[in-house]
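Chains as they are written, first to last, in the numbering used here: chain A, 67 to 342; chain B, -10 to 185.
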């Protein structure tokens, strides 16, 4: 069945959102509609499901749901994505962070862990790794398993090497990996101060206090009200003057939160919490 | 030769101008931006294949030569008339039903992010017959499927004549699947866009 040409109606999408919420407790109602529709259409094509088949498996097949979640949420990520962001982090945030006794970092929506390990490498190069701890969270347990392993295809790591170079870091990205055939495994000492766990930004709450929260290219999938709800969660999870990093095209636009965060770097969307 | 009345009317009645281009399209896009009048009364969305990580001069060059304000697309900004929007590198650009942009970092299509297909398909769903879409020179097949969706939705679809294009693959791919209402040379495209 060719779902791509037929197209899902708004009513059908609402039906799926309601079903997923009732049966599985995941609320996609404030998800960006255009993206949700595109991902849903894609799942139906890959799995060769009609609209009715999809409803059936969502209701009756628990294993399918994890798979569905993995396909609906976008898990494409890179190490050192946007080198200009990492450069700004090095020059504008690290000097400040280095004054803390402990640096706790939250990578929210970490997918398969590329950002977490990029940050670990960055902290290691700056000599701050031993007093740092990075929490990577995602709603998707499948990608978290990959994140914990820290094994990436060597081909991918080679493409991230260009990003690494542009960050101005010394040596090569591959220096931080053990390579065996096409498997590149991140060095163990870079994994020690990391923890990956499930956290749902939409329904879960504060779990620690952080000096830096990075949530890049997650807000693009959320509607504006939901973005603000999560900004509130981040605000409450940050220590005074803690940093918040959003994606390069994600800006704090709400007047309320503009007063609560100072833009440290407008172009890279690095913010700092104001007040206590 | 003056453009025929049917195409001119459809162009004048459309609310959105979509431009897709890859290798060999820069000069044409540059020329188009120069031509567009200040009182265009349409939103212009440009998807051009571009390399990530290198801050390109495209926005600056285009903005200097445009009579209309020009921006790189940011997440959840509203689509306004008399504004030119350029899709950012390393994101796909989608359009929400309420007339806002939504960005996406999912897999590249035809090795491209931004992908012309993604934006064209999204525009077809949101705006159906209210667009004019032009697919220019390029060295892969991106844009053809999206253009077909726009055509099927009733929008006006134009493809650059492959004989006139620096890289004919992209126009050819669209023509092959019958996605073009009109096949025009660069000069004919300019002439049409002037007529509004």
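Ideal Cβ positions, reconstructed from N, Cα and C, are used throughout, including at glycine.
Could you name each continuous alpha helix (DSSP H) segment of 4 residues or more that falls completely within the stretch 111 to 158 of chain A, going from the start of the chain to the end? Scanning the stretch 111 to 158 of chain A from its first residue to its last, the whole alpha helix (DSSP H) runs of 4-plus residues come out as 117 to 126, 128 to 138, 149 to 154.
Apply the 10 Å Cβ neighbour rule to residue 246(A) and answer buried if 16 or more other Cβ atoms are within range, or exposed otherwise. In summary, residue 246(A) is exposed, with fewer than 16 beta-carbon neighbours lying within 10 Å of its beta-carbon over all protein chains present.
Reduced DSSP secondary structure (H/G/I, E/B, other) of residue 94(A): coil
Alpha carbon to alpha carbon, how far is residue 139(A) from residue 195(A)? 30 Å
Listed by chain order, chain A residues near residue 4(B) by CB distance under 8 Å: Those do not exist, as residue 4(B) stays about 18 Å from chain A at its closest Cβ, beyond 8 Å.
If the cut is a Cβ gap below 8 Å, which residues of chain A does residue 234(B) touch? Past the edges of chain B, shown from -10 to 185, lies residue 234(B), and the structure says nothing about it.
At the 7 Å Cβ level, is residue 68(A) part of the contact set with chain B, yes or no? Interpretation of residue 68(A) is limited by its pLDDT of 42, a score under 50 that renders its predicted location unreliable; the figure taken from the coordinates is listed afterwards. So, not an interface residue.
Start-end ranges of the alpha helix (DSSP H) lying completely within the stretch 259 to 313 of chain A, minimum 4 residues: 290 to 303
Proximal residues to residue 85(A) (C-beta, below 8 Å), its chain only, five neighbours per side dropped: A distance below 8 Å between beta-carbons, with the five flanking residues on each side excluded, links residue 85(A) to the following residues of its chain, in chain order: 121, 124, 125.
Skipping 5 residues on each side, what residues in its chain have a beta carbon closer than 7 Å to that of residue 78(A)? Cβ neighbours of residue 78(A) beyond the five flanking positions: 117.
The stretch 74 to 95 of chain B: positions lying closer than 8 Å to chain A by Cβ: 77, 79, 80, 83, 84, 85, 86, 91, 92, 93, 94, 95
Near-chain B residues of the stretch 72 to 94 of chain A (beta-carbon distance less than 9 Å), N- to C-terminal order: 73, 76
8 Å CB neighbourhood of residue 87(A) in its chain, flanking five on each side removed: 93, 94, 95
By Cβ distance, which residues of its chain are closer than 8 Å to residue 41(B), with the 5 residues on each side in sequence left out? 78, 79, 102
Helix, strand or coil for residue 172(A) per DSSP? strand
For the alpha helix (DSSP H) containing residue 208(A), name the first residue and the last one. 207 to 215
Please tell me whether residue 121(A) has its Cβ less than 7 Å away from any Cβ of chain B. no
For residue 188(A), the first and last residue of its enclosing alpha helix (DSSP H): 180 to 191 is the extent of the alpha helix (DSSP H) around residue 188(A).
Spatial neighbours of residue 181(A) in its chain, beta-carbon cut-off 8 Å, leaving aside the 5 residues before and after: 143, 145, 147, 173, 202, 280, 282
Ignoring anything shorter than 4 residues, give me the alpha helix (DSSP H) runs that lie fully in the stretch 145 to 173 of chain B, in order along the chain. 158 to 165
At what residues does the alpha helix (DSSP H) containing residue 47(B) begin and finish? 47 to 53
Ends of the beta strand (DSSP E) at residue 245(A)? Element bounds for residue 245(A): 243 to 246.
Please name the residue, chosen from 134(A), 319(A), 232(A), that lies closest to residue 43(B) on a Cα-to-Cα basis. 232(A)
Using a Cβ-Cβ cutoff of less than 7 Å, which residues in the same chain neighbour residue 153(A) once the five nearest sequence positions on both sides are dropped? 233, 234, listed in sequence order.
Okay, do the stretch 239 to 253 of chain A and the stretch 208 to 218 of chain A touch, 3+ Cβ pairs below 8 Å being the bar? yes
Is residue 337(A) helix, strand or coil by DSSP? strand
Taking Cβ to Cβ, would you say residue 328(A) is nearer than 7 Å to residue 340(A)? Contact flag set, yes.
Would you say residue 67(B) faces chain A, with C-beta separation under 7 Å as the test? no
What is the DSSP secondary structure of residue 71(A), counted as helix, strand or coil? For residue 71(A), the pLDDT reaches just 42, beneath the cut-off of 50, and the residue's location in the model is therefore unreliable, although a value from the coordinates is still provided. Here residue 71(A) sits in helix by DSSP.
Under a three-way DSSP split, which group does residue -5(B) fall into? helix
Measure from the C-beta of residue 290(A) to each C-beta in chain B and report whether the shortest distance is under 7 Å. yes
N- and C-terminal bounds of the alpha helix (DSSP H) containing residue 116(B): Looking at the DSSP string, the run of the alpha helix (DSSP H) that includes residue 116(B) is 105 to 116.
Residue 4(B) to residue 67(B), Cα distance in whole Å? 14 Å
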